[in-house]
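Novice: Residue numbers (the working numbering): 1449 to 1644. Here a beta-carbon is modelled for each residue, glycine too, at the ideal position from N, C-alpha and C.
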Amino acid sequence: MEETSSTVSDNFDDLNSDGWDEMGDWEVNDQGQYVSYGDSRRSRERRSYFGDEDLTDYDVTVKATLDPDSWGFGLYFRMQHDENNLYDASGYAFQYNPGLASRNSERGGFIFRKVTHGRESAVLGGVNWRTADENWKWFEQEHELRVSVRGDTFIGYVDGEEVARHTDSNPYTSGGAGLRVWRGTVTFDDFSITTP
Ligand SMILES: [Ca+2]
Ligand SMILES: [Ca+2]
C-alpha cells in the first residue's frame, strides 16, 4: 500500500473547541481563535490536547500571538495523556520561554523539553537559541510555530526558520499534539497535524 499524506486541522472558525481535551480555561472567541486567558501573576498552567495518540511522525503547526504579560507557551507533540487526569501526560513540548536567558539570547529561548507524567525536563541539549534582533518582536504579533517530528529527531521552526533541533536517544515514539500556556494570555489559530 502506498503511504499517503493526511492532515487533521482546526481553524476554530466553527467557534467551538470540539476535539480538544482541555485542562484549565480555554475559549474560542468570536473571531474564530482559540484563546487561553490568564492573569500574568497568578494563573496556573493550562493545557489542551488534540489528535490521534497513535500518530508517530508528523508536522504540527500553529499560529500564536502572545500578550505582553504572557510567560510563554508550548506546542506539544508525541503526547499521551490520561483523560481522567489531564496533568498526567507524557511526550514533548516545543516552547517559547520569555524568561529564559542564555549566553546567546537575552530575549528568551525556543527550546525542547521532555514531559514525563506531567513534569517537564530541563532544557534538552542540542538546541540552538534564537538570538532575536532588536526589530524582531514576539509579543502582540502573530508568529507561526512548527515542529517536524521524525523518528528520534525533532526540529522546531518559527516563521519557517529552524530555531531548535533535538535528537532523543530514547524517544517516545507516538502521541498526539496540543498546546500549553503558563500565566498570561495567548491566542492561537490555524492548528494542524500533517503526516508525511
Ligand atoms: Ca471546532
Ligand atoms: Ca480561525
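Distance, Cα to Cα, E1592 vs A1512?
Specialist: Approximately 6 Å, taken between the alpha carbons.
Novice: Could you tell me if T1621 is buried or exposed, where buried requires 16 or more neighbouring beta carbons within 10 angstroms of its beta carbon?
Specialist: T1621 is exposed by the Cβ-count criterion.
Novice: Closest to D1462 by C-alpha separation, out of Y1482, T1455, W1474, T1452, would be which residue?
Specialist: Nearest C-alpha to D1462: Y1482.
Novice: Would you mind working out which of D1469, V1563, N1533 sits nearest P1619, comparing C-alpha positions?
Specialist: Here the closest residue by C-alpha is V1563.
Novice: Since E1467 sits in a beta bridge, which residues does DSSP pair it with?
Specialist: Checking the displayed sequence, the identity of residue 1467 turns out to be Gly instead of Glu. Looking at the DSSP assignment, G1467 forms no beta bridge with any residue, so it has no partner.
Novice: F1525 and G1599: beta carbons closer than 8 Å?
Specialist: Contact: no.
Novice: I want to check one thing, is the minimum distance from the CB of S1465 to the heavy atoms of ligand 1 below 7 Å?
Specialist: S1465 Cβ: within cutoff of ligand 1.
Novice: Cβ of D1517 within 8 Å of Cβ of G1632?
Specialist: Yes, they are a contact pair.
Novice: Report the residue from G1472, D1530, N1533, V1456 whose alpha carbon sits nearest the alpha carbon of R1487.
Specialist: Correcting the residue identity first, residue 1487 is Asp in this sequence and not Arg. The residue with the shortest Cα to Cα distance from D1487 is G1472.
Novice: Please report how far the alpha carbon of E1610 lies from the alpha carbon of G1604, in whole angstroms.
Specialist: Those two C-alpha atoms are separated by around 6 Å.
Novice: Helix, strand or coil for S1553? Go by DSSP, reduced to three states.
Specialist: With a pLDDT of 47 at S1553, under the threshold of 50, the modelled position of that residue is not reliable, and the figure given next carries that caveat. In this structure, S1553 counts as strand in the three-state DSSP scheme.
Novice: Residues around ligand 3, please: the condition is that the C-beta lies closer than 5 Å to some non-hydrogen atom of it.
Specialist: Ligands displayed in this structure: ligand 1 and ligand 2; ligand 3 is not among them.
Novice: Which class does A1570 belong to by DSSP, given the choice of helix, strand or coil?
Specialist: A1570: coil per DSSP, three-state reduction.
Novice: If I'm right that A1541 touches G1522 with Cβ under 8 Å, what's the distance once you round it to whole angstroms?
Specialist: Between G1522 and A1541 the Cβ distance is about 4 Å, and since that is below 8 Å, they are a contact.
Novice: Quick one, which of R1594, V1456, Q1543 has its alpha-carbon nearest A1570's?
Specialist: The shortest Cα separation from A1570 among R1594, V1456, Q1543 belongs to Q1543.
Novice: What is the DSSP secondary structure of L1593, reduced to helix, strand or coil?
Specialist: Strand at L1593.
Novice: Cβ atoms of F1558 and A1612: under 8 Å apart, would you say?
Specialist: A contact, by the Cβ cut-off of 8 Å.
Novice: Does the beta carbon of I1641 sit closer than 8 Å to a beta carbon anywhere in chain C?
Specialist: No chain C appears in the structure shown, which is made up of a single protein chain.
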